[in-house]
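This report refers to the structure that appears directly beneath it.
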Amino acid sequence: MSLALALGRRGLGNTWPNPAVGAVIVRDEAGGRVIVGRGWTAPGGRPHAEIEALGRAGEAARGATMYVTLEPCSHHGKSPPCADAIIGAGIARVVSALEDPNPEVAGAGHARLREAGIAVEVGLGAEDARRAHAGHLRRIRDHRPHVTLKMALSADRKIAAAGRRSTTITGAAARARVHRMRAMNDAILVGIGTVLADDPQLTCRLPGMEKLSPVRVVLDTQLRMRSGSVLAKSARATPVWVVSAPDAAPVTAGALAKQGVEVLAASGRAGRLDLAAVLAVLAERGITRLMVEGGATVAASFVADDLVDEAALFRSPTVVGPDGIDALEGMRLDALTARMRSTGREAVGEDSVEFFERA
Numbered sequence: 247m248s249l250a251l252a253l254g255r256r257g258l259g260n261t262w263p264n265p266a267v268g269a270v271i272v273r274d275e276a277g278g279r280v281i282v283g284r285g286w287t288a289p290g291g292r293p294h295a296e297i298e299a300l301g302r303a304g305e306a307a308r309g310a311t312m313y314v315t316l317e318p319c320s321h322h323g324k325s326p327p328c329a330d331a332i333i334g335a336g337i338a339r340v341v342s343a344l345e346d347p348n349p350e351v352a353g354a355g356h357a358r359l360r361e362a363g364i365a366v367e368v369g370l371g372a373e374d375a376r377r378a379h380a381g382h383l384r385r386i387r388d389h390r391p392h393v394t395l396k397m398a399l400s401a402d403r404k405i406a407a408a409g410r411r412s413t414t415i416t417g418a419a420a421r422a423r424v425h426r427m428r429a430m431n432d433a434i435l436v437g438i439g440t441v442l443a444d445d446p447q448l449t450c451r452l453p454g455m456e457k458l459s460p461v462r463v464v465l466d467t468q469l470r471m472r473s474g475s476v477l478a479k480s481a482r483a484t485p486v487w488v489v490s491a492p493d494a495a496p497v498t499a500g501a502l503a504k505q506g507v508e509v510l511a512a513s514g515r516a517g518r519l520d521l522a523a524v525l526a527v528l529a530e531r532g533i534t535r536l537m538v539e540g541g542a543t544v545a546a547s548f549v550a551d552d553l554v555d556e557a558a559l560f561r562s563p564t565v566v567g568p569d570g571i572d573a574l575e576g577m578r579l580d581a582l583t584a585r586m587r588s589t590g591r592e593a594v595g596e597d598s599v600e601f602f603e604r605a
């Protein structure tokens with residue numbers, strides 16, 4: 247199951263709206279257990295991990311055990327049910343980490359396997375599987391993506407220089423780690439303030455991983471995004487979604503649309519977008535894992551609305567100074583950390599990163 251989970255994680259960020267599942271097929275031979283098939287969900291969500299593993303195993307699947315990180319599907323979607331393929335391949339036993347809460351599955355996959363005489367065990371590696379499938383579970387149960395807040399903090403807990411001027415806080419190793427995190431999320435979100443101040447790319451720029459860049463989402467209530475920005479000019483290469491108020495400037499929306507930017511509407515109040523409504527819009531479009539990169543106002547809004555499920559705080563020995571911008575606009579950093587549980591800290595070059603999850 248640990249191998250199946252590791253294989254499944256290969257798909258994080260590029261299988262949405264489907265979960266990134268891993269599957270391993272094992273036979274008991276005279277010399278011991280032998281892996282005869284491995285699979286993980288392909289980019290775009292098809293083929294499923296089970297189908298990939300069965301294809302690699304071939305006839306060796308007959309009488310074997312399949313370990314899979316999520317219940318095999320039982321419904322006809324864009325492809326036939328995995329449960330039927332497992333039955334047809336002659337698998338004798340299925341060990342599944344989790345039942346799929348998707349109403350179209352919800353135990354029906356396991357039931358179909360049992361009806362066909364296949365032994366089914368559920369729960370092995372369940373806690374790790376819940377983490378791996380957090381995006382899928384959150385989207386099904388709460389109708390929003392799983393949100394990870396990433397911040398780079400100076401030694402004095404600042405994220406930018408005075409006047410909101412961008413400044414380099416973390417080193418190359420930490421920045422590379424952030425790019426890897428981007429590749430493992432379906433979408434990355436910033437506010438229009440960050441776009442106007444920094445004109446960022448928001449892509450994964452690790453060698454060979456450029457195509458794994460996430461959808462880039464900008465919160466822009468009144469559509470202030472410039473058509474000459476890096477994001478707008480690269481929208482046809484890597485998707486850009488701008489979320490605005492329903493009454494935002496239609497002329498700007500049209501200009502952005504001509505460059506390939508998709509303008510989405512979400513409800514709001516008092517000149518501010520309703521983040522719950524924004525997340526619902528993203529979930530409807532298939533986003534399961536969302537990485538929020540800021541800036542301070544956006545980060546504070548997600549914290550205030552209790553919409554942060556995980557956090558990654560990169561800390562640097564650099565000192566910005568008392569006039570720098572605090573990590574969370576109008577609130578202390580412990581407004582975030584006090585309500586979460588630290589799950590570990592590690593060195594990243596000269597910097598460090600500490601991970602948190604909901605307590």
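Okay, so the sequence shown: first residue is 247 according to our numbering, each after it adds one. Backbone N, C-alpha and C fix where the C-beta goes; we use that ideal spot for every residue, glycine too.
* Runs of beta strand (DSSP E) lying entirely within the stretch 367-454, each at least 3 residues, in chain order -> For the stretch 367-454, whole beta strand (DSSP E) runs of length 3 or above, ordered along the chain, are 392-399, 404-406 and 433-437.
* Evaluate K396 with the Cβ neighbour count: other Cβ atoms within 10 Å of its Cβ, from every protein chain shown; 16 or more gives buried, anything less gives exposed. => As a first step, residue 396 is located in the sequence shown; it is residue number 150 there, counting from the start. Taking all protein chains in view, the Cβ of K396 is crowded by 16 or more other Cβ atoms within 10 Å, so the residue is classified as buried.
* Can H321 and E296 be called in contact, C-beta distance under 8 Å? -> Here residue 321 refers to the residue found at position 75 when the sequence shown is read from its first residue. Here residue 296 refers to the residue found at position 50 when the sequence shown is read from its first residue. The Cβ atoms of H321 and E296 lie no closer than 8 Å to each other.
* Tell whether a beta-carbon distance below 8 Å holds between L465 and I434. => Here the question's residue 465 lines up with position 219 in the sequence shown. Here the question's residue 434 lines up with position 188 in the sequence shown. Result no, Cβ atoms of L465 and I434 do not sit closer than 8 Å.
* Asked: Anyone know if the C-beta pair for M471 and L502 falls short of 8 Å?
  -> Within the sequence shown, the letter at position 225 stands for residue 471. Within the sequence shown, the letter at position 256 stands for residue 502. Cβ distance < 8 Å, so M471 and L502 count as in contact.
* Asked: Candidates T261, A545, K504 and A478: which alpha carbon is nearest A378's?
  -> Here residue 378 is taken as the residue at index 132 of the sequence shown, counted from 1. Residue T261 holds the alpha-carbon nearest to the alpha-carbon of A378 among T261, A545, K504 and A478.
* Asked: Contact check, G278 vs A299 under 8 Å by CB: the rounded distance?
  -> Start at 1 with the first residue of the sequence shown, and residue 278 comes out as number 32. Start at 1 with the first residue of the sequence shown, and residue 299 comes out as number 53. Taking a contact as a CB-CB distance under 8 Å, the pair G278 and A299 does not count as one, their CB atoms being some 20 Å apart.
* Asked: Run through DSSP, which three-state label would R585 get?
  -> Taking the sequence shown and counting its residues from 1, one reaches residue 585 at position 339. Collapsing the DSSP output to three states places R585 in coil.
* Could you please give the first and the last residue of the uninterrupted beta strand (DSSP E) stretch that includes A342? => As a working note, residue 342 is residue 96 in the sequence shown. Here the sequence assigns Ser to residue 342, which means Ala is not the residue at that position. Per DSSP, S342 belongs to the beta strand (DSSP E) from R339 to S342.
* Asked: Given D402, which residues of its chain have a CB within under 8 Å of its CB, disregarding the five upstream and five downstream residues?
  -> Along the sequence shown, one-based indexing puts residue 402 at 156. Within the same chain, Cβ atoms closer than 8 Å to the Cβ of D402 are found at V565, V566, G567, P568 and G570, the five residues on either side in sequence being excluded.
* **Cβ contact (3+ pairs, closer than 8 Å) linking the stretch 419-434 and the stretch 582-590** => Cβ pair count under 8 Å is below three, so no.
* Asked: What are the residues that DSSP puts in a beta bridge with T261?
  -> For the purposes of this step, residue 261 is taken as residue 15 along the sequence shown, with counting starting at 1. Paired residue(s): none; T261 is not in a bridge.
* Return the residue from the list L359, T394, M312 and A269 that minimises the CA-CA distance to G381. => The residue you call residue 381 lines up with position 135 of the sequence shown. Ranked by Cα distance from G381, the first of L359, T394, M312 and A269 is T394.
* To which residues of the same chain is A306 closer than 8 Å at the C-beta, ignoring the five residues directly before and after it? -> Translated into the one-based positions of the sequence shown, residue 306 becomes position 60. Within the same chain, A306 has close Cβ partners I271, R273, V282 and G283.
* **Limits of the alpha helix (DSSP H) - the one that D569 falls within** => In the sequence shown, residue 569 corresponds to position 323, counting from 1. For D569, no alpha helix (DSSP H) encloses it, and the DSSP letter there is neither H nor E.
* Asked: How is I533 classed by DSSP in three states: helix, strand or coil?
  -> Walking along the sequence shown from the start, residue 533 turns up at place 287. I533 falls in the coil class under three-state DSSP.
* Roughly how many angstroms lie between the CA atoms of A523 and G334, to the nearest whole one? -> Numbered from its first residue, the sequence shown carries residue 523 at position 277. Numbered from its first residue, the sequence shown carries residue 334 at position 88. Taking the straight line from one Cα to the other gives about 43 Å.
* Hey, could you find the ends of the beta strand (DSSP E) E556 is sitting in? => For this step, residue 556 is matched to residue 310 along the sequence shown. First-last of the beta strand (DSSP E) with E556: E556 to R561.
* Could you give the residue range of the alpha helix (DSSP H) that holds L553? -> The count along the sequence shown starts at 1 and reaches residue 553 at position 307. No alpha helix (DSSP H) contains L553, which DSSP labels as neither H nor E.
* Asked: Cα separation between A546 and L574?
  -> Taking the first residue of the sequence shown as 1, we reach residue 546 at position 300. Taking the first residue of the sequence shown as 1, we reach residue 574 at position 328. Computed Cα separation, rounded: 5 Å.
* Asked: Given that a residue counts as buried once 16 or more other Cβ atoms are within 10 Å of its Cβ, and exposed if not, what is R518?
  -> Position 272 of the sequence shown, counted from the first residue, corresponds to residue 518. Looking at its Cβ environment, which holds fewer than 16 other Cβ atoms inside 10 Å, R518 is exposed.
* Asked: Between which two residues does the beta strand (DSSP E) containing D274 stretch?
  -> In the sequence shown, counting from the first residue as 1, residue 274 sits at position 28. Run containing D274: G268 to E275, per the beta strand (DSSP E) assignment.
* Coil, strand or helix - A365 by DSSP -> Numbered from 1 along the sequence shown, position 119 holds the residue referred to as residue 365. Look at A365 here: in three-state DSSP terms it is strand.
* Asked: By the 10 Å Cβ neighbour count, where 16 or more other Cβ atoms means buried, how is V461 classified, buried or exposed?
  -> Here residue 461 refers to the residue found at position 215 when the sequence shown is read from its first residue. Residue environment for V461: buried (at least 16 other C-beta atoms within 10 angstroms of its C-beta).
* Grouping DSSP H, G and I as helix and E and B as strand, with all else coil, what is R284? -> Reading the sequence shown from its first residue, position 38 is the one you call residue 284. Strand at R284.
* To do: Would you mind giving the Cβ-Cβ distance between E600 and L559, rounded to the nearest angstrom? I have them listed as a contact below 8 Å.
  => Position 354 of the sequence shown, counted from the first residue, corresponds to residue 600. Position 313 of the sequence shown, counted from the first residue, corresponds to residue 559. Going by Cβ atoms, the distance from E600 to L559 rounds to 5 Å, so yes, they are a contact pair.
* To do: Let me know the beta strand (DSSP E) ranges lying completely inside the stretch 466-502, each 3 residues or longer, listed in chain order.
  => DSSP runs (the beta strand (DSSP E)) wholly in the stretch 466-502: 486-490.
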